[in-house]
DNA sequence: TATGAATGAGTATTCATTCAT
DNA sequence: AATGAATGAATACTCATTCAT
């Protein structure tokens with residue numbers, strides 16, 4: 032979201048950019064609409080004109096965040112040669128995003144802790160749907176690993192839980208990095224180690 | 032925090048109780064001091080009189096939360112017959128607390144996402160120290176497991192990372208349960224399975 | 032104002048129509064220009080483009096209201112066979128308008144309670160002049176009644192006051208109907224009864 | 032309402048006093064809460080603290096207005112020696128109030144034209160009840176006049192309508208005085224003349 | 001003639017905090 | 001210890017109006 036490539040940044044983009052910075056630095060509630068406006072170089076009313084409410088702006092940003100995380104992950108996972116490597120790349124994509132866009136993830140974590148009050152219901156349901164798709168991508172990868180035997184057999188229903196468990200690990204790690212200032216690298220290594228030991232079949236990727 | 036043992040609840044306890052409920056339901060920023068006061072059955076000024084500021088109240092609550100989680104965990108872990116079982120009990124204690132005091136954990140998660148603004152510095156450093164102790168307890172248990180060989184050998188420095196990894200898993204799971212309304216049970220099972228596969232030596236508890 | 036005769040309603044008429052509805056329902060100050068615009072199916076700027084300001088729109092509407100009341104009254108009064116009957120018809124015309132165009136009268140009443148702020152002075156003086164003519168029409172009819180002896184003799188200057196008294200009765204009745212939801216019919220009967228007892232000579236219309 | 036007798040005016044009274052002046056001068060919507068506050072010599076928040084909302088303040092004032100009009104009228108009417116004189120005094124009391132408290136009546140007229148939006152429902156129903164009592168007082172006086180034969184016989188149901196008719200006359204006169212700057216005296220004379228001709232029996236007050 | 005994105009001054013209301021009692 | 005009336009700075013949102021197209 033930071034710094035649009037072109038020289039002409041639309042007002043909407045400028046607002047998203049400014050809000051992104053300020054929400055991450057001071058938190059949603061501690062950021063005044065007027066601060067966003069002045070950082071974005073627009074009038075107060077313009078923020079509300081485009082996003083209808085401050086809270087909607089937050090949800091739009093959360094959606095963009097999750098969407099770009101989802102896209103990035105999907106692209107990276109696409110290059111996997113087996114299911115287990117897919118899980119590996121899913122995890123690495125998350126930590127890559129955590130490195131590149133820490134603000135976005137922090138805002139996403141904040142946002143999740145409060146239920147949407149004045150947000151556009153459509154936006155809200157889109158967000159939930161996207162969250163579900165992001166989780167399902169992982170479940171799918173795990174299933175592929177079961178099929179190609181890079182992942183050791185799991186009982187029915189367990190793949191879903193494994194995916195949820197890995198997501199817990201990821202968002203928990205993001206939380207510890209962003210809120211408790213833990214280092215990212217060791218947590219990435221642990222996440223990978225944990226995932227491999229939880230999932231890997233004896234013979235890793237078939238044919239390797 | 033809910034329901035004091037004695038027959039008459041002191042005003043301080045009543046305020047903590049009310050704040051606990053409201054912060055969890057609506058979030059810190061969306062809860063007015065006057066709401067806390069009226070739910071606690073005291074006057075507006077009384078809240079500030081006892082806690083000096085609204086924010087301090089939040090940190091006092093966070094400290095209590097972490098403290099009771101720490102105590103509970105220590106007591107349960109004390110009954111472990113080996114290091115690996117200690118890890119098992121540490122995880123179960125966390126999920127037990129998550130079941131019994133979801134509000135407290137939710138507030139703790141919320142609180143962490145925003146840096147302390149006007150809080151008493153002493154309180155803040157106490158909180159950080161307690162957090163460290165809570166993490167070190169887990170590290171310690173892992174080291175015990177290495178010593179008693181219930182946990183497979185780990186290179187130097189790794190036990191620290193393992194502990195952080197497990198904490199990520201725990202707080203991430205709490206986040207998914209409290210914010211995304213995931214079910215607690217499957218996440219507990221996954222956390223335990225993950226921990227065992229990450230740590231367990233071939234022969235589990237020695238002599239068992 | 033409602034529904035223009037032609038098949039396509041011009042934008043100006045559409046705006047007047049929408050404003051008429053909204054001002055009557057929510058009051059002038061509580062009606063946003065953007066609401067008028069969207070109900071009229073035009074852009075925001077179009078309303079200002081045609082009427083120069085929101086307040087001008089109100090005065091234009093008030094003028095139309097008073098003008099159509101005046102025209103309707105004049106036409107009906109023209110059919111009177113004596114002065115007293117003229118008064119009768121004047122009163123009936125008012126209540127007829129109250130029945131057909133309650134919104135218009137309500138807006139007129141509202142508008143009158145607040146002094147013109149930024150309105151075009153020309154428009155404002157036209158409005159005052161029209162108000163005067165509407166009152167003078169009644170005075171004139173009373174004078175005719177004195178001349179044709181359908182109305183009992185009145186001292187000099189009193190015809191003016193009688194006319195003002197009757198107008199008080201009419202606008203007060205409109206106020207009670209529109210604001211206090213009193214029924215129109217009984218008030219019409221009372222208005223007529225009152226006027227007759229106040230004015231009628233023994234022998235009503237001469238020659239009848 | 033204007034100027035409390037004692038030297039110490041409570042904040043609530045000061046606010047009512049200030050609001051009374053400003054609402055009459057500029058209208059409800061054109062008066063900012065901050066203007067009321069500064070004229071009353073209190074902080075902005077104090078206005079809302081006591082009246083909960085700007086609109087509630089308006090309704091409180093309307094109630095006070097109607098209440099003092101009601102009390103004044105009841106006291107004056109009490110001195111009537113017959114029903115017809117009661118009507119006379121009722122009318123004179125209204126015009127007396129119009130002379131003494133024009134602001135209050137103007138605000139009351141304004142207020143009536145807009146339905147209560149954010150007002151305390153209790154306050155609103157009290158207002159309606161008081162309005163009804165004020166009208167019933169007039170109906171009652173008319174009935175007394177029928178009983179003591181100072182008023183000529185009326186068919187059943189008509190006394191109610193007569194009372195409504197007279198109220199129309201009164202509020203319409205207030206409207207013309209306050210909004211159209213008509214003179215009060217001639218309208219009072221006309222109101223009395225009209226009432227007498229509408230109601231008086233041949234032999235006025237019995238025994239006179 | 002018509003538009004609608006953009007404005008920015010204006011405002012009711014909120015709320016943590018103070019302090020006299 | 002406890003109160004609650006009073007505060008006043010802070011703020012999200014409104015909306016009439018402008019102007020480039």
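Protein chains in written order, with my numbering: chain A, 32 to 239; chain B, 32 to 239; chain C, 32 to 239; chain D, 32 to 239.
Backbone N, C-alpha and C define an ideal beta-carbon position, used for all residues, glycine too.
On a predicted model such as this, the values are computed, not experimentally measured, just so you know.
Using 8 Å as the limit for Cβ to Cβ distance, is residue 132(B) near chain A?
Working through the second chain from its first residue, we reach residue 132(B) at position 101. So no, residue 132(B) is outside the interface.
Have a look at 41(C), 159(C) and 175(C) and flag the residue whose alpha-carbon is nearest the alpha-carbon of residue 211(D).
On the fourth chain, position 180 is the one that residue 211(D) refers to. Nearest option by C-alpha distance: 159(C).
Looking at the structure shown, is residue 231(C) part of a helix, part of a strand, or coil, going by DSSP?
As a working note, residue 231(C) is residue 200 in the third chain. Correct three-state label for residue 231(C): strand.
Distance, Cα to Cα, residue 109(A) vs residue 172(B)?
Taking the first chain and counting its residues from 1, one reaches residue 109(A) at position 78. Taking the second chain and counting its residues from 1, one reaches residue 172(B) at position 141. Near 40 Å, if we compare the C-alpha coordinates of residue 172(B) and residue 109(A).
Counting only Cβ pairs nearer than 9 Å, list the residues of chain D close to residue 206(C).
The count along the third chain starts at 1 and reaches residue 206(C) at position 175. Ordered by position in chain D, the residues that pass the 9 Å Cβ test against residue 206(C) are 140, 143, 144, 199, 202, 203 and 206.
List, in chain order, every chain D residue whose beta-carbon is nearer than 8 Å to that of residue 193(C).
Indexing the third chain from 1 puts residue 193(C) at position 162. Within chain D, the residues near residue 193(C) are 221.
Check the Cβ of residue 218(B) against every Cβ in chain A and list those closer than 8 Å, keeping chain order.
Walking along the second chain from the start, residue 218(B) turns up at place 187. Going along chain A in sequence order, the residues near residue 218(B) (Cβ under 8 Å) are 192, 195, 196 and 199.
CA-CA distance, residue 63(A) and residue 79(A)?
Mapped onto the first chain, residue 63(A) falls at position 32. Mapped onto the first chain, residue 79(A) falls at position 48. Roughly 12 Å between the two C-alpha positions.
Quick check: the segment 66-78 of chain A against the segment 100-107 of chain A, are there 3 or more CB pairs under 8 Å?
No: fewer than three Cβ pairs fall under 8 Å.
Checking contacts by CB at 8 Å: is residue 118(C) closer than that to chain D?
Start at 1 with the first residue of the third chain, and residue 118(C) comes out as number 87. For residue 118(C), the answer is no, since every Cβ of chain D falls outside 8 Å of its Cβ.
Using only CA atoms, which one of 59(D), 185(D), 130(D) and 217(D) lies nearest to residue 199(C)?
Taking the third chain and counting its residues from 1, one reaches residue 199(C) at position 168. Among 59(D), 185(D), 130(D) and 217(D), the Cα nearest to that of residue 199(C) belongs to 217(D).
Kindly indicate the opening and closing residues of the alpha helix (DSSP H) around residue 210(D).
As a working note, residue 210(D) is residue 179 in the fourth chain. Start and end: 189-210.
Following the continuous alpha helix (DSSP H) through residue 10(A), name the residue where it begins and the one where it ends.
Nothing about residue 10(A) can be reported from this structure: the residues present for chain A run from 32 to 239 only.
By the 10 Å Cβ neighbour count, where 16 or more other Cβ atoms means buried, how is residue 102(A) classified, buried or exposed?
The count along the first chain starts at 1 and reaches residue 102(A) at position 71. Burial call: exposed.
Using only CA atoms, which one of 142(A), 50(A) and 51(A) lies nearest to residue 209(B)?
Within the second chain, the letter at position 178 stands for residue 209(B). For residue 209(B), the nearest C-alpha among the options comes from 142(A).
Which residue comes first and which comes last in the alpha helix (DSSP H) that contains residue 56(D)?
Numbered from its first residue, the fourth chain carries residue 56(D) at position 25. Where residue 56(D) is concerned, the enclosing alpha helix (DSSP H) stretches over 42-57.
Is it buried or exposed for residue 190(D), if we count other Cβ within 10 angstroms and need 16 for buried?
Against the fourth chain, residue 190(D) aligns to sequence position 159. The residue is buried, with at least 16 neighbouring Cβ atoms inside 10 Å.
Indicate whether residue 201(C) and residue 193(C) have their beta-carbon atoms separated by less than 8 Å.
Mapped onto the third chain, residue 201(C) falls at position 170. Mapped onto the third chain, residue 193(C) falls at position 162. The answer is no: Cβ separation not under 8 Å.
Report the neighbours of residue 228(B) on chain A: residues whose CB is nearer than 7 Å to its CB, in chain order.
Indexing the second chain from 1 puts residue 228(B) at position 197. Neighbours of residue 228(B) on chain A, chain order: 228 and 229.
Please classify residue 167(A) as buried or exposed, where buried requires at least 16 other C-beta atoms within 10 Å of its C-beta.
Taking the first chain and counting its residues from 1, one reaches residue 167(A) at position 136. By the 10 Å Cβ count, residue 167(A) comes out exposed.
Taking the alpha carbon of residue 87(C) as the reference point, which residue from 228(C), 56(C) and 47(C) has its own alpha carbon closest?
One-based indexing of the third chain puts residue 87(C) at position 56. Answer by Cα proximity: 47(C).
Tell me which same chain residues have a C-beta within less than 7 Å of the C-beta of residue 66(A), skipping the five on either side of it?
Here residue 66(A) is taken as the residue at index 35 of the first chain, counted from 1. Only 53 meet the Cβ criterion.
Please report how far the alpha carbon of residue 225(B) lies from the alpha carbon of residue 177(B), in whole angstroms.
Residue 225(B) sits at position 194 when you count from the first residue of the second chain. Residue 177(B) sits at position 146 when you count from the first residue of the second chain. The alpha-carbon atoms of residue 225(B) and residue 177(B) are separated by roughly 17 Å.
Taking only beta-carbon positions, decide if residue 160(C) is within less than 8 Å of chain D.
Your numbering for residue 160(C) matches position 129 in the third chain. For residue 160(C), the answer is no, since every Cβ of chain D falls outside 8 Å of its Cβ.
Would residue 91(C) and residue 230(C) be called neighbours here (beta carbons separated by less than 8 Å)?
The sequence position of residue 91(C) within the third chain is 60, counting from 1. The sequence position of residue 230(C) within the third chain is 199, counting from 1. Not in contact: residue 91(C) and residue 230(C) (Cβ atoms no closer than 8 Å).
Which runs of the alpha helix (DSSP H) fall wholly inside the segment 84-157 of chain D and span at least 4 residues, in chain order?
Counting whole runs of 4 or more residues, the segment 84-157 of chain D contains the alpha helix (DSSP H) stretches 85-108, 114-131 and 133-143.
Can you tell which of 97(D), 174(D), 129(D) and 137(D) has the C-alpha that lies nearest to the C-alpha of residue 215(D)?
Here the question's residue 215(D) lines up with position 184 in the fourth chain. For the residues 97(D), 174(D), 129(D) and 137(D), the minimum Cα distance to residue 215(D) belongs to 129(D).
Rounded to the nearest angstrom, what separates residue 175(A) and residue 113(A) at their Cα positions?
Sequence index remark: in the first chain, residue 175(A) carries index 144 (1-based). Sequence index remark: in the first chain, residue 113(A) carries index 82 (1-based). About 7 Å.
For residue 171(C) and chain D, any beta-carbon pair shorter than 8 Å?
To locate residue 171(C), count along the third chain from 1; it is residue 140. Residue 171(C) does not count as touching chain D.
Taking residue 188(B) as the reference, which of 42(B), 96(B), 93(B) and 170(B) has the closest Cα?
Taking the first residue of the second chain as 1, we reach residue 188(B) at position 157. Nearest of 42(B), 96(B), 93(B) and 170(B) to residue 188(B), Cα basis: 170(B).
Using a 10 Å radius around the Cβ and a threshold of 16 neighbouring Cβ atoms, would you call residue 93(C) buried or exposed?
Locating residue 93(C) in the third chain gives position 62, counting from the first residue. Answer is buried; the Cβ neighbour count reaches 16.
Compare the C-beta of residue 224(B) against all C-beta atoms of chain A and say whether one is closer than 8 Å.
Residue mapping note: residue 224(B) aligns to position 193 of the second chain, counting from 1. So, interface residue.
For residue 150(C), I'd like the list of residues in its chain whose CB is within less than 7 Å of its CB, leaving aside the five on either flank, ordered along the chain.
By 1-based counting over the third chain, the position of residue 150(C) is 119. Cβ neighbours of residue 150(C) beyond the five flanking positions: 86, 87 and 90.
Over what stretch of residues does the alpha helix (DSSP H) that includes residue 77(D) continue unbroken?
Here the question's residue 77(D) lines up with position 46 in the fourth chain. Note, residue 77(D): alpha helix (DSSP H), 75-82.
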